[in-house]
Amino acid sequence: PPPPSPPPPSPPPPSPEVLPSPTPQLPLVPSAQTLFPAPPHFPPAPNSFECKVCINFQIVPPSLDFPPFRFDSARCQLIQQSFLRPVEAQMAVLNLTLLQPFAADPSLCSPLETKLCATFQTEAAAQLMQPFLQALASHLVQNLVSSICPATPGYRIQASTESGGCLKLHAGLDCPPGPNPFPNCRCNKARGITPLYVLPNVQTGPGRAPSSVMYCFRIGLVPEAFRLQGACVGNTLNKAEVWADEAQRRQVLGFRITPRGGPQRYVPVSWGAKGDNTVKATQINWNLDRAEDGEICLELLKDVALGDFCLGGMNGCFVGLFNDRRDCCPTYAATIF
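Position 201 of the sequence shown, counted from 1, bears residue number 201 in full-length UniProt numbering, the numbering being contiguous throughout.
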């Protein structure tokens, strides 16, 4: 018989399942921040060359501080603006830029001081401005003295930089006593000899006509601490006299007088004898209650400034207040500032 057939070949074993190889995890390339971590944050270091300057304009009262004079908001702003305008112009001429410019700042105002501050980029820049700032400070002190000193004898006006700054300047003037030829009569002119006085600042307002201006002198009560002992009798304000240039008599239209709590009325002017240079508001006759906070206004044509109408070399007037017997006439100055 034929030989048996060989058995069929066995099927090949199954191939092992090939699993996908995992993607190799490559190490991350370190960033610059990883290699060089950021330093801790510190505030910027101040520029050692910066130069901060604060200029103070000050009133230094005398020990007998009456009538008192202080900076109010309007006066403070006027001083600051009078300083800023020329400084800005000079900075432009020198082509200088400030890190912090001078600026009008109401928070730097107080009754006895007005301050302006700035920061220069370098001390050299500040020194470049020093001669100009010194001249300007001296000029403004002179203007302040001219404006307020007749009303404030014994005061000192000064400007200076704060200690420790990189810029030094100083200017100061004392207020001299005012002239004494007025009133031109025999009466006691001492301040405080009667209970009434004239406040040191003149108020302005419109007149009865478009061509006129009211210049008003306000009346106050002298504090007890400043009242003088003397022989003056009576507490009535009989009349007020103003030291004025009689050659300007055509420039005055009249007086408006207003007692506290009462109606205003207009009274004609009268002049003293030739050469007296005195214009008068007569028949006022206020007691102390009506006189306190009362107002005596001089109406002038706009053609003449108050400082040109009044005598005494200031932007204001000397005013004498007469008692009942007219033997006491304490005299005060009031100015427009």
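Even for Gly, the Cβ is constructed at its ideal location relative to N, Cα and C.
Backbone CA spacing between residue i and residue j [nearest angstrom]
| i | j | result |
| --- | --- | --- |
| ALA103 | LEU221 | 38 Å |
| ARG325 | VAL233 | 7 Å |
| LEU321 | LEU78 | 31 Å |
| ASN188 | GLY154 | 20 Å |
| GLU241 | ILE284 | 11 Å |
| CYS76 | MET314 | 20 Å |
| VAL198 | ALA124 | 49 Å |
| GLY272 | ALA190 | 21 Å |
| ALA225 | GLY294 | 22 Å |
| TYR266 | GLU246 | 21 Å |
| VAL145 | GLY178 | 12 Å |
| SER82 | PRO210 | 29 Å |
| LEU98 | PHE66 | 41 Å |
| LYS274 | ASN184 | 11 Å |
| THR114 | VAL319 | 29 Å |
| GLN100 | ARG70 | 28 Å |
| PHE89 | LYS239 | Looking at the sequence provided, one finds Ala at residue 89 rather than Phe. C-alpha separation (whole angstroms): 49 Å. |
| SER147 | VAL304 | 18 Å |
| GLN251 | GLN130 | 45 Å |
| PHE182 | LEU133 | 39 Å |
| SER110 | VAL141 | 17 Å |
| ASN180 | ARG186 | 12 Å |
| PRO68 | ILE219 | 14 Å |
| ALA74 | GLU292 | 24 Å |
Close Cβ partners of residue i (< 6 Å) along its chain, the five nearest in sequence each way excluded
| i | result |
| --- | --- |
| CYS149 | CYS175 |
| THR194 | CYS232, ASN323, CYS328 and PRO330 |
| PHE42 | Residue placement at PHE42 is poorly supported in this model, since its pLDDT is 44, which falls under 50; the coordinates still yield a value, given next. The answer is none, since no qualifying residue turns up. |
| LEU64 | none |
Integer-rounded CB distance, given that residue j should sit under 8 Å from residue i
| i | j | result |
| --- | --- | --- |
| ALA334 | PRO200 | 6 Å |
| GLN264 | ARG256 | 6 Å |
| LYS302 | SER163 | Contact flag wrong, Cβ pair sits at about 47 Å. |
| LEU136 | VAL87 | 7 Å |
When the options are compared against residue i, the one with the closest alpha-carbon
| i | options | result |
| --- | --- | --- |
| CYS317 | ASN188, SER212, ALA89 and THR152 | THR152 |
| ARG156 | ILE193, LEU112 and ALA125 | LEU112 |
| LEU237 | VAL279, ILE296, LEU253 and GLN251 | ILE296 |
| PHE309 | VAL279, TYR332 and ASN287 | VAL279 |
| ASN277 | LYS115, VAL269, GLN251 and TRP243 | TRP243 |
| GLY172 | PHE57, PRO101 and SER163 | PHE57 |
| GLY205 | LEU228, GLU299, SER107 and ASN143 | GLU299 |
| LEU288 | GLY312, ASN235 and LYS239 | ASN235 |
| residue 348 | LEU311, ARG186, TYR332 and ASP72 | There is simply no residue 348 to check, as the chain begins at 1 and stops at 337 in what is shown. |
| GLN80 | SER63, ASP105, ASN180 and PRO68 | ASP105 |
| GLY207 | ILE219, PRO223 and GLY254 | GLY254 |
Residues near residue i in its chain [Cβ-Cβ closer than 8 Å; skip 5 each side]
| i | result |
| --- | --- |
| VAL202 | TYR215, CYS216, PHE217, LEU306, GLY316, CYS317, ALA334, THR335 and ILE336 |
| LEU128 | LEU94 and LEU96 |
| ASP92 | The residue you asked about is not Asp; residue 92 is Ala in the sequence shown. So no residue of the chain qualifies. |
| residue 355 | For the chain, the structure presents residues 1 to 337; residue 355 sits outside this window and is missing. |
| GLY230 | ASN188, ALA190, ILE193 and CYS328 |
| ALA126 | CYS51, VAL53, PHE120, CYS166 and LEU167 |
| ASN143 | SER82 |
| SER270 | VAL279, LYS280 and THR282 |
Contacts around residue i, its chain only, beta-carbon distance under 7 Å, and the 5 residues preceding and following it disregarded
| i | result |
| --- | --- |
| THR122 | PHE49 and CYS51 |
| ARG290 | PRO259, ARG260 and GLY262 |
| THR161 | VAL53, CYS54, ILE55, LEU167, LYS168 and LEU169 |
| ARG227 | GLY192 and PRO195 |
| LEU84 | PHE102 and ALA104 |
| PRO62 | GLY154 and TYR155 |
| LEU311 | TRP243, ALA244, ASP245 and ASN277 |
Beta strand (DSSP E) runs contained entirely in the stretch 214-302, provided each spans 3 or more residues: 239-243, 252-258, 265-267, 278-281 and 295-301
Inside the stretch 156-183 only - beta strand (DSSP E) runs reaching at least 3 residues:
156-161 and 170-174
Completely contained beta strand (DSSP E) runs for the stretch 100-156, where each covers 3 or more residues:
113-120
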